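Participant:
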Amino acid sequence: MPTPSIFDWAGGDAAFGRLTTVFYTRVRQDPLLAPVFAEMDEQHAEHVAVWLAEVFGGPARYTQELGGHAHMATKHLGRGITEAQRRRWVTLLMDAADEAGLPADPEFRAVFAYYIEWGTRMALVYSGDDPPPVQAADVPRWGWNQTPPWTG
Ligand code: HEM
Numbered sequence: 021m022p023t024p025s026i027f028d029w030a031g032g033d034a035a036f037g038r039l040t041t042v043f044y045t046r047v048r049q050d051p052l053l054a055p056v057f058a059e060m061d062e063q064h065a066e067h068v069a070v071w072l073a074e075v076f077g078g079p080a081r082y083t084q085e086l087g088g089h090a091h092m093a094t095k096h097l098g099r100g101i102t103e104a105q106r107r108r109w110v111t112l113l114m115d116a117a118d119e120a121g122l123p124a125d126p127e128f129r130a131v132f133a134y135y136i137e138w139g140t141r142m143a144l145v146y147s148g149d150d151p152p153p154v155q156a157a158d159v160p161r162w163g164w165n166q167t168p169p170w171t172g
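For the sequence shown, this note's numbering begins at 21 and goes up steadily by one.
1. Residues in its own chain within less than 8 angstroms of Ile26 by CB, not counting five upstream and five downstream?
2. Looking at C-alpha atoms only, which residue of Glu66, Val110 and Ser147 is the closest neighbour of Gly100?
3. Hey, out of Val145, Asp50, Gly32 and Pro22, whose CA is closest to His96's CA?
4. I'd like to know if the region 62 to 71 and the region 109 to 117 are in contact, where contact means that at least 3 CB-CB pairs between them fall below 8 angstroms.
5. Find out if the Cβ-Cβ distance for the pair Tyr44, His64 is shorter than 8 angstroms.
6. If you run the structure through DSSP and keep just helix, strand and coil, what is Phe57?
7. Is the beta carbon of His89 within less than 7 angstroms of some heavy atom of the ligand HEM?
8. Looking only at its own chain, which residues have a Cβ that is under 7 angstroms from the Cβ of Leu86, when we skip the five neighbours before and after it?
9. Ignore the nearest five residues each way along the sequence and tell me which others in Asp158's own chain have a CB closer than 8 angstroms to its CB.
10. In this structure, does DSSP put Ser175 in helix, strand or coil?
11. Roughly how many whole angstroms lie between the Cα atoms of Pro55 and Val110?
12. Leaving out five residues on either side along the sequence, give the residues of the same chain with a beta carbon under 6 angstroms from the beta carbon of Phe36.
13. With a threshold of 6 angstroms on Cβ separation, who are the neighbours of Thr140 within its own chain once the five nearest residues in sequence on each side are excluded?
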């Protein structure tokens with residue numbers, strides 16, 4: 021049997037759809053994050069689900085249909101996300117993973133948390149004073165392995 025992608029292991033598009041639906045319901049009720057997302061459009065949760073699906077080895081729909089990495093990174097520019105907001109984002113997403121019934125095995129949750137920790141820190145970098153060029157990267161692909169060390 022070939023090793024399944026993380027996307028397949030998680031439960032495919034349906035699982036990521038449930039995840040972001042639950043997550044943004046929690047975000048709207050959260051005093052620290054609700055103001056950050058006050059202007060988000062109706063399709064935001066779905067778009068983040070499509071992004072996560074691509075990252076975890078699913079179809080490359082964010083790249084093909086939604087503007088790819090440059091569009092996603094641009095959405096974070098100038099937002100000045102704080103560490104407290106980032107940490108709350110992570111906490112609510114992990115709570116949402118439980119509520120949405122994503123697999124709870126240690127390997128899946130470790131690799132899931134690994135991307136979320138990395139991705140939220142990258143969102144903070146893009147939202148800050150000296151962001152990297154938005155065109156400089158593709159949508160990351162997260163496997164069961166590790167990333168190389170930070171090169172700036
Ligand atoms: C792994 C971490 C993250 C991922 C995968 C992610 C993903 C995305 C994506 C895909 C978009 C663009 C949606 C679209 O195409 O319409 C977006 C926009 C946005 N993100 Fe993130 N994000 C992350 C972390 C964060 C954090 C930590 C914050 C703030 C606490 C944040 C705040 C926002 C905001 C405010 C927008 C714009 C919403 C709108 O007005 O439509 N993101 N994010």
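Where a beta carbon is used, it is the ideal one built from N, C-alpha and C, also for glycine.
Remember, predicted model here, so these are calculated numbers, not experimental data.
Facilitator: Put simply:
1. Phe76, Gly77, Phe128, Val131, Phe132, Trp162, Gly163 and Trp164
2. Ser147
3. Val145
4. no
5. yes
6. coil
7. no
8. His67 and Val70
9. Thr83, Gly88 and His89
10. One cannot answer for residue 175 here, as it falls past the ends of the chain, which runs 21 to 172.
11. 17 angstroms
12. Ala69, Leu72 and Ala73
13. Arg106, Trp109 and Val110
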